[in-house]
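Asks: Below: one structure in structure tokens.
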Amino acid sequence: MSIQKTKAEEAISTQFVAVAGQLPGIDAVARSRKHAIAAFNKDGLPHRRIEAWKYTDLRVAMKSAFEPAVNLGISNHTDWQAIAEVLGPFADLDVARVVLVDGVYVPELSAVEILGGDVQIMPLAAALSDECFADMHVRPPRIEQDHAIAELNTAFMTDGAAVQISQSTSKPLHIINVARGTDERMIATRNVISVGDDVEATIIESFVALGSAATQTNALTHIAVGERSHVHHIKVQEEAMASTHLSTWIVEVSGEANYRGFQFSTGAALSRNQISVSYGGEGGKVDISGAYLLADRQHCDTTLVVEHPVPNCESRELFKAVLDDEARGVFQGKVIVRAEAQKTDGKQMAQALMLSEACEFDSKPELEIYADDVVCGHGATCAEIDPDLVFYCRSRGIPEDQARGLIIQSFIAEAIAKVEDPAIADVLSARANSWLERDRT
Amino acid sequence: MLEIKNLQVRLEDEDKTILSGLTLTVPKGEVHAIMGPNGAGKSTLAYVLAGRAGYQVTDGEVLWNGENILDMEPEERAAAGVFLAFQYPMEIPGVAGLTFLRTATNAVRKGRGQSELTTPEFMRVVKQKAADLKIDIAMLKRPVNVGFSGGEKKRSEILQMAMLEPTLCVLDETDSGLDIDALRVVSDGVNALRSPDRAMLVITHYQRLLNHIVPDKVHVLAGGRIQATGGKELALELEKSGYASYTGEAA
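Protein chains in written order, with my numbering: chain C, 91 to 531; chain A, 1185 to 1435.
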């Protein structure tokens, strides 16, 4: 059955034709981009009749397609001070940083030398000229919950960071995605991160906006973690309020590696966080957690698939949503345990704190288990602020608003506690508190 | 002075009267015990004094130092000096005990028109008071009451009480869930707070707490009102004969 194309779908196809010649990469990359847009043109934007998009009908939500941010010549127009201001306490973290402005790697704003020679960082646009890189990384592995968003990323990606970490790093790498927010733009970026064996590393991705104009962000990070390595990966999404944020993480975990992902979202009108994790060897441990704080009519969807194809791996997920006004939080978590993956240990929890009558939380855990000797569990809770707890705080002299704030903090803190680096956890708590303060004014 | 006059209270959600004309006076500097059978209205009295929602006062008044506290919000009562040590202290995951104590202490100080304590000032006070109650400061770095034993929770309540420096202390079954040693530590903490400026209302089922916190008066609460008042020997008598005669009277 063919469906009439929407205005946004039409515009995306047209825009690709217009900008294709200006997108970076060798011929092989250009061919992949064409394949990707052809695949997109065939299926269009995902909609609610696709099970993985049941709660987020992108075809309906995306009324128009913004002009892609390509060749805007912007590197000289932005200074660090303005970016630091919107980053707030994140700007004070002791990190190496890569700054992308409207999807373009800006060397003048970036500082990666402190990581030393064992960490190689290259703008993705440059890496796309490398035949070997292009061959390996342009088309990301297909993930179960989505094709369209990843295809669009391949078609339109302008830049990003190609990172190779072969020794442990003393400082986190902070990839800062800045939207100037002066015009409505579509920004597509790709990070390809390869972490060697026996390495400890922390990667933070931030999404912020200088202005209030909406962006349509499509950000894909493909990360491979080597054997016995320990990687922390944090994403902070604080985009302009009218934005659409489409994010995909594809995570490949080798034997005995420990991968800890965390996603914190307060921005964008609509955000979709897709996370796909697979294990390449026994003894892998994965923890994917996050918190979303939403108000007005914000909509945030986290859809993750964790696949256990090998035995003796562990997966943990804890997502917490604080929902006010008419906000809607979605959590879909699927754990697949293949027949060979005996002794898998998987636990998942999604919790929402409802601050209003009109907010909504949709939680859909799915366990698909083919092995017979596993421990897997999931849970979901949905609650209002406990009035007894408010009374307990008030009986200690704490005014009602402050008491409610404390209880919301308490709720989020359990998720933030998943972030092992205390400096980063502190900044996340501070950001959560800023959200609460704003909420109360 | 605490003056409770003809207090009548019913539950908001169901048509059930809990207190039916309770009258009681506790002068400053005195400790009064309230004993009574299950369902007598002891916890209701404690909650109504602290201002918990869900109770409707249909008649009577509660004056603390001449002020009608029933018109006040719970936090205003705290600032006015009222403190309720909960029978079941609440857990607050993710909020460190110290953070909670400092927030509460400064909120109450603000409510009383006092300056807020700086972090070093607060730490100095809290360390001293925690040591008095044999509370390890490490325990206060953990989330409020989460994973605490019964004894730890009650000590944590008494520490809050010590920090907030209330003038009217209401202790709701503070002895429940305590072993002998914990009972002694908690009682010592309460006794240390006895002062000529402070009135205390100790609610309990059992006489044994009153061996440690020796009351000036004992009241028997049954059927929603005070049925008898006496000295500490009344508690011993109740321990022997039970509440049957009072509940009979109430019915």
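The beta-carbon is built from N, C-alpha and C at its ideal position, and this holds for glycine as well.
Which same chain residues end up closer than 6 Å to K325/C when comparing Cβ atoms and leaving out the 5 residues on each side of it in sequence?
Replies: Here the set comprises E295, Q353.
Asks: Determine, using beta carbons only, whether P477/C comes closer than 8 Å to chain A.
Replies: Yes, P477/C counts as interfacial toward chain A.
Asks: Under the DSSP definition of a beta bridge, which residues are partnered with N348/C?
Replies: The partner list for N348/C (beta bridge, DSSP) reads H320/C, K375/C.
Asks: For a quick check, are the C-beta atoms of T1388/A and G1407/A less than 8 Å apart?
Replies: No. Outside cutoff.
Asks: Taking only runs that begin and end inside the segment 1320–1381 of chain A, name each unbroken beta strand (DSSP E) of 3 or more residues, in chain order.
Replies: Qualifying beta strand (DSSP E) stretches, in chain order: 1352–1356.
Asks: Would you kindly work out how many angstroms separate the C-alpha atoms of N1329/A and R138/C, rounded to a whole number?
Replies: Cα to Cα, N1329/A sits roughly 44 Å from R138/C.
Asks: Listing by chain order, which chain A residues have their CB less than 8 Å from the CB of E504/C?
Replies: Under the 8 Å cutoff, chain A gives P1277, G1278.
Asks: Can you tell which of G1205/A, G1223/A, E1305/A, V1374/A has the C-alpha that lies nearest to the C-alpha of D1243/A?
Replies: Checked all of G1205/A, G1223/A, E1305/A, V1374/A; the closest Cα to D1243/A is G1205/A.
Asks: Please state the DSSP three-state secondary structure of G380/C.
Replies: Residue state, collapsed to three classes: strand.
Asks: Tell me the DSSP bridge mates of G364/C?
Replies: The question names Gly, but residue 364/C in the sequence shown is Gln. For Q364/C, which the question treats as bridged, DSSP gives the partners T338/C, T393/C.
Asks: Counting only the same chain and skipping the five closest in sequence on each side, list residues whose C-beta sits under 6 Å from that of G1335/A.
Replies: Correct list, in chain order: L1362, A1366.
Asks: Taking only beta-carbon positions, decide if L496/C is within less than 8 Å of chain A.
Replies: Yes, L496/C lies at the interface with chain A (some Cβ there is under 8 Å from its Cβ).
Asks: Counting along the chain, where does the beta strand (DSSP E) carrying A442/C start and finish?
Replies: From DSSP, the beta strand (DSSP E) with A442/C extends over 435–444.
Asks: Assuming contact is defined by CB atoms lying nearer than 8 Å, are P136/C and R149/C in contact in what I supplied?
Replies: In this structure, R149/C lies closer than 8 Å to P136/C by Cβ.
Asks: Any beta carbon of chain A sitting closer than 8 Å to that of P455/C?
Replies: No, P455/C lies away from the interface with chain A (no Cβ there is under 8 Å from its Cβ).
Asks: Given a cut-off of 8 Å, decide if R418/C and E447/C are closer than it, judged by their beta-carbon atoms.
Replies: No.
Asks: Under 8 Å, do L457/C and V425/C count as touching if we go by C-beta distance?
Replies: Closer than 8 Å, so yes.
Asks: 8 Å is my cut-off, CB to CB: does D516/C come that close to chain A?
Replies: So no, D516/C is outside the interface.
Asks: Which residues, in order along the segment 478–490 of chain C, keep a beta-carbon less than 8 Å from a beta-carbon of chain A?
Replies: Listed by position along the chain: D478, L479, F481, Y482, C483, R484, S485, R486, G487, I488, P489, E490.
Asks: Please classify G1331/A as buried or exposed, where buried requires at least 16 other C-beta atoms within 10 Å of its C-beta.
Replies: Exposed, by the Cβ-count rule.
Asks: Name the chain A residues whose beta carbon is nearer than 9 Å to that of F501/C?
Replies: Ordered by position in chain A, the residues that pass the 9 Å Cβ test against F501/C are P1277, G1278.
Asks: Rounded to the nearest angstrom, how far is the Cβ of V1398/A from that of M1219/A, given a contact under 8 Å?
Replies: The Cβ separation is near 14 Å, so there is no contact.
Asks: Determine which residues share a DSSP beta bridge with V412/C and list them.
Replies: Answer by DSSP bridge pairing, in chain order: L383/C, L443/C.
Asks: Cβ of A507/C less than 8 Å from any chain A Cβ?
Replies: It does; some Cβ of chain A falls within 8 Å.
Asks: Please compile the residues from chain A whose C-beta is within a distance smaller than 8 Å of the C-beta of Q492/C.
Replies: T1287, A1291, listed in chain order.
Asks: Say the cut is 7 Å; is the CB of A1263/A nearer than that to a heavy atom of the ligand MG?
Replies: For the ligand MG, the structure offers nothing, since it holds no ligand at all.
Asks: What residues are listed by DSSP as bridge partners for L1195/A?
Replies: According to DSSP, L1195/A bridges with K1200/A, Y1239/A.
Asks: List, in order along the chain, the chain C residues whose C-beta lies closer than 7 Å to that of G1373/A?
Replies: Under the 7 Å cutoff, chain C gives no residues; its nearest Cβ is about 17 Å from G1373/A.
Asks: To the nearest angstrom, how far is the alpha carbon of S1371/A from that of K1338/A?
Replies: Roughly 10 Å separates the two Cα atoms.
Asks: Any Cβ of chain C within less than 8 Å of the Cβ of Q1344/A?
Replies: Yes, its Cβ sits closer than 8 Å to a Cβ of chain C.
Asks: Alpha carbon to alpha carbon, how far is S260/C from A291/C?
Replies: Cα to Cα, the separation comes out at about 8 Å.
Asks: What residues of chain C sit near M1274/A, judged by a beta carbon separation below 7 Å?
Replies: Near M1274/A (Cβ distances below 7 Å), the residues of chain C are D478, L479, Y482.
Asks: Using a Cβ-Cβ cutoff of 9 Å, what residues of the segment 1232–1257 of chain A are near chain C? List them in chain order.
Replies: Hits within the stretch, in order: A1234, G1235, R1236, A1237, G1238, E1257.
Asks: Name the two residues that bound the continuous beta strand (DSSP E) containing M1384/A.
Replies: 1383–1388 is the extent of the beta strand (DSSP E) around M1384/A.
Asks: How far does the alpha helix (DSSP H) with C222/C in it extend, from its first residue to its last?
Replies: Run containing C222/C: 221–227, per the alpha helix (DSSP H) assignment.
Asks: How about F1270/A: is its C-beta nearer than 8 Å to some C-beta of chain C?
Replies: So, interface residue.
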